[in-house]
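The first sequence stops at residue 1558 when you use my numbering, and every number in between is there.
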Amino acid sequence: MIRQQVEEFLFQVLRARPEETDLSSVSVDSTRDPAHGDLALNAAMVFAKQWKRPPREIAEELAASFRTSPLIAAVEIAGPGFINFRIAPAAYQELLREILAQGPAFGTRTAKEPRREQIEFVSANPTGPVNVVSARAAAVGDTLARLFEAIGIEAEREFYVNDHGNQVDHLLDSVLYYLNGEKGEFPENGYRGDYVSEIAAEARSGFLALLVEGEEDPDTARLAALREAIPALVAGDSGPWEGASPEAGSAVSVTAATRRGLLRQWVLERMLAWQRNDLEAFGVRFQSWFRESSLHAGSDIDDTYAGLEKSGDVFENDGAHWFRSTKYGDEADRVLVRSNGQPTYFLADIAYHRTKAERKYDHAIDILGPDHHGHIARMLGAMRALGCPDEWLEIMIVQQVNLLKDGKPVKMSKRAGDFIALRELIDEVGTDAARFFFVMLKPNTHLNFDLDLAKSRSLENPVYYVQYAHARVCSVLRHAEAAGIEPGAHRKADLAFLTETDDLSLLKNLDRYPDTVEAAALTREPQRIPTYLKELASEFHGYYHKVKVVTDDRPLTLARLALLEGTRTVLQNGLALLAVDAPDAM
RNA sequence: GCGCCCGUAGCUCAGCUGGAUAGAGCAGCUGACUUCUAAUCAGCAGGUCGCAGGUUCGAAUCCUGCCGGGCGUACCA
């Protein structure tokens, strides 16, 4: 806030200069070393070349014209030509007033023009509970969406459901294996894991009770009603026949084939509900679940193919229809329609992305796992062939998590049932710690996640360090009340008493928050939030030990309580971006 | 072979989109609780930012080439 104001002022002065100036690489940054003041301007070094004059000389000249702002208490020249500014305490006091006034809104802003962003992430196959490998993408994607919302961009989270391929059938076969008493061979390509037998048991006691095998019931309306009711049945928010409305308890007679189809539908819905619950427990709620099957049901695939054909980048070879993706930087051309006439997953995926464009998002982001980086060039190429603007689709890769157990990598195989569920991670280390941990790291670096370490030493997780800072602030505020200071009195404090280095240094940290939020969103680097919060917490813990807040000096006490209130607000707002709880006590 | 990502302290990682003396946590060492929560703080020690060039007033950051690690290279989804 202060930084932006100072920047605005300095740029105004610089633009008024008689010389030709290029301000593109001029920046106002907060300093690392307090000896360098609060903010630093690099303009003199940038101009040295443009103006062909020594930087220190330019700095001297510029500095003189910067002394007029009430925000600036002192201007100094240092090093190769940095112009350092010391910010007036009054400016920091005003910042605090602003933080207290804005509360939860501090660090957020509204956009000049409304924008709709779409973020697609997780999009795991609906064949098992959400895997811990998806957890990082879930945390990163959701935090990114929250960051966009904070800077005034409407962000919609979407989960792409791959319900068309034969994986769901493989899952169904596995469920049937358990339903049929585990007789015979376990199905080829089947899915193992306790969840499969759990679903089978659920189906047996619930859904299947609504079906009787035999001749198809002539009352097709009842069958259609049952089909419709499946999502509600799974969600458990209606009785078996509410919404379907035939006579209570009476089962529908169906053929074996229909029964299989209905059960497939039920298994799919059950799996999606399971995934939705896991993700919500992790603080992630998708506004949209887009089904691949809906593309095949309509004309999207054909329309997309036609669109690509129009671009001239489609050709026929060996009876198949290909997209010339090599034209767009891919290593090889890709098949759109197989020689047997079936569309490939790739074509469906293009059709899917085409619907995003049609759904009028201003921009879309895909968050993919590292095993999909080969898809980037061909997907971007296809969108370009369809006439989509270059920048419209952005594809981010979130690197995989290498799980370690006993210091050894854990092999993850869903088919073998040999994976760690997100739910299990939540139970072991908690949502707060897991989310903080996953977002703490740059998305495109490999991450080693030692399960034993996360479980046994969860108290050493940095999330507690930040949460403890928040709890401590609350504790001091409670203590002040116990010491006879009426609640809320600090909101009317005279902030002019905040003049000491420790107070101002804490305020300087609070000032960095809005910039940090914006940078994190624009650079797609959500780890900047945890990093900032750790620094703020550290600053506060130090302050706490050094400065006794509640003393006999009532005016100063009130002013410092206001400072703590501001610190609490920023900690809360930052943690909310991560969907991490800010406890009042620990 | 080709393509993408990564390489910073013993370990796990930051490093504010090119700035001043590269920082935390853990592990090691020394101190601080009759004082607002010690899940904390103050301090010591620990570095050829993979290597070599280049661009720049200035490089961990940008470019090139090597070295090392991961992943990908289907008429699968």
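Just so it is clear, CB atoms sit at the ideal spot from N, CA and C, and this is done for glycine as well.
Endpoints, the beta strand (DSSP E) within which residue i is located
i: TRP1238; result: Looking at the DSSP string, TRP1238 is not in any beta strand (DSSP E); the run it does join, the alpha helix (DSSP H), is 1228-1253.
i: ALA1292; result: 1292-1295
i: LEU1011; result: 1011-1013
i: ALA1260; result: According to the sequence displayed, residue 1260 carries Ser and not Ala. Counting along the chain, the beta strand (DSSP E) containing SER1260 begins and ends at 1260-1263.
i: ASP1338; result: 1335-1340
i: ASN1056; result: 1054-1059
i: ASP1001; result: 1000-1002
i: LYS1299; result: Here LYS1299 belongs to no beta strand (DSSP E), and DSSP marks it neither H nor E.
i: LYS1377; result: 1373-1377
i: GLN1090; result: 1088-1092
i: ASN1289; result: 1286-1289
Outcome for residue i when other beta-carbon atoms lying within 10 angstroms are tallied against a minimum of 16
i: LEU1536; result: buried
i: ASP1466; result: exposed
i: VAL978; result: buried
i: PHE1568; result: Nothing can be reported for residue 1568: it is not among the residues displayed for the chain, which extend from 973 to 1558.
i: ALA1216; result: With a pLDDT of 46 at ALA1216, under the threshold of 50, the modelled position of this residue cannot be trusted; read the value that follows with caution. So ALA1216 counts as buried.
i: PHE1093; result: buried
i: THR1403; result: buried
i: HIS1442; result: buried
i: ALA1220; result: Bear in mind that a pLDDT of 46 at ALA1220, under 50, signals an unreliable position, so the model cannot answer this.
i: GLY1255; result: buried
i: GLN1022; result: exposed
i: ARG1297; result: The sequence shown places Ser at residue 1297, rather than the Arg named in the question. Classification of SER1297: buried, given that the 10 Å Cβ count is 16 or more.
i: ASN1138; result: exposed
i: TYR1167; result: buried
i: THR1488; result: buried
i: VAL1552; result: buried
i: LEU1431; result: exposed
i: MET1351; result: buried
i: THR1276; result: buried
i: TYR1317; result: exposed
i: ASP1362; result: exposed
Close beta carbons around residue i, own chain, < 8 angstroms, minus the five adjacent residues each side
i: ILE1125; result: ALA1083, ARG1087, ARG1088, GLU1089 and ALA1493
i: LEU986; result: THR993, LEU995, VAL998, ALA1015 and LEU1034
i: VAL1542; result: ILE1071, PHE1078, GLY1079, LEU1482, TYR1485 and LEU1508
i: THR1227; result: GLU1185, GLY1186, GLU1187 and GLU1188
i: THR1327; result: PHE1262, LEU1267 and ASP1272
Residue i and residue j closer than 8 angstroms at C-beta
i: ALA1323; j: SER1311; result: no
i: LEU1478; j: GLU1511; result: yes
i: ALA1175; j: LEU1240; result: no
i: PRO1061; j: LEU1470; result: yes
i: LYS1427; j: VAL1401; result: yes
i: TRP1246; j: ILE1202; result: no
i: ALA1329; j: TRP1364; result: yes
i: GLY1301; j: GLY1353; result: yes
i: ARG1182; j: GLY1279; result: Here residue 1182 turns out to be Leu, not Arg, going by the sequence shown. The answer is no: Cβ separation not under 8 angstroms.
i: LEU1116; j: ARG1356; result: no
i: PRO1112; j: PRO1498; result: The question names Pro, but residue 1112 in the sequence shown is Val. A contact, by the Cβ cut-off of 8 angstroms.
i: PRO1415; j: VAL1370; result: yes
i: LEU1549; j: ARG1118; result: yes
Boundaries (first-last residue) of the alpha helix (DSSP H) holding residue i
i: SER1622; result: Past the boundaries of the shown model lies residue 1622; the chain is included only from 973 to 1558, so the question cannot be answered.
i: TYR1132; result: That residue, TYR1132, is in no alpha helix (DSSP H); its beta strand (DSSP E) goes 1126-1133.
i: ASP1424; result: 1423-1428
i: ASP1166; result: 1166-1177
i: GLU1121; result: 1104-1122
Sequence-distant residues of its chain with Cβ nearer than 7 angstroms to residue i (five each side left out)
i: VAL1133; result: PRO1098, LEU1244, TRP1261, PHE1262, ARG1263 and GLU1264
i: LEU1528; result: PHE1469
Beta-carbon contacts of residue i that lie in its chain and below 6 angstroms, excluding the five residues immediately before and after
i: ALA1036; result: none
i: CYS1446; result: ASP1556
i: ALA1012; result: ASP1001, THR1003, PHE1054 and ASN1056
i: PRO1218; result: Confidence at PRO1218 is low in this model, with a pLDDT of 47, below 50, so its placement is unreliable and the value that follows should be read with caution. If we look at PRO1218 and ignore the five residues flanking it on each side, its Cβ neighbours are ARG1194.
i: ILE1398; result: ALA1253
i: TYR1064; result: LEU1476 and LEU1479
i: ASP1422; result: LEU1376
Residue i beta carbon near the ligand NAD (any heavy atom closer than 7 angstroms)
i: ILE1348; result: With respect to small molecules bound, the structure shown includes none, and the ligand NAD cannot be examined in it.
(request) Please confirm if the segment 1145-1155 is in contact with the segment 1104-1114, defined as three or more CB-CB distances below 8 angstroms between the two stretches. (result) Contact fails: fewer than three Cβ-Cβ distances are below 8 angstroms.
(request) Could you tell me whether the segment 1040-1057 touches the segment 1079-1091, using the rule of 3 or more Cβ pairs below 8 angstroms? (result) Not touching, per the Cβ criterion.
(request) Could you tell me whether the segment 1026-1046 touches the segment 1422-1436, using the rule of 3 or more Cβ pairs below 8 angstroms? (result) At 8 angstroms Cβ cutoff, the stretches do not touch.
(message) Contact between the segment 1292-1304 and the segment 1154-1169 is defined here as three or more beta-carbon pairs at a separation below 8 angstroms; is this criterion met?
(response) Touching, no.
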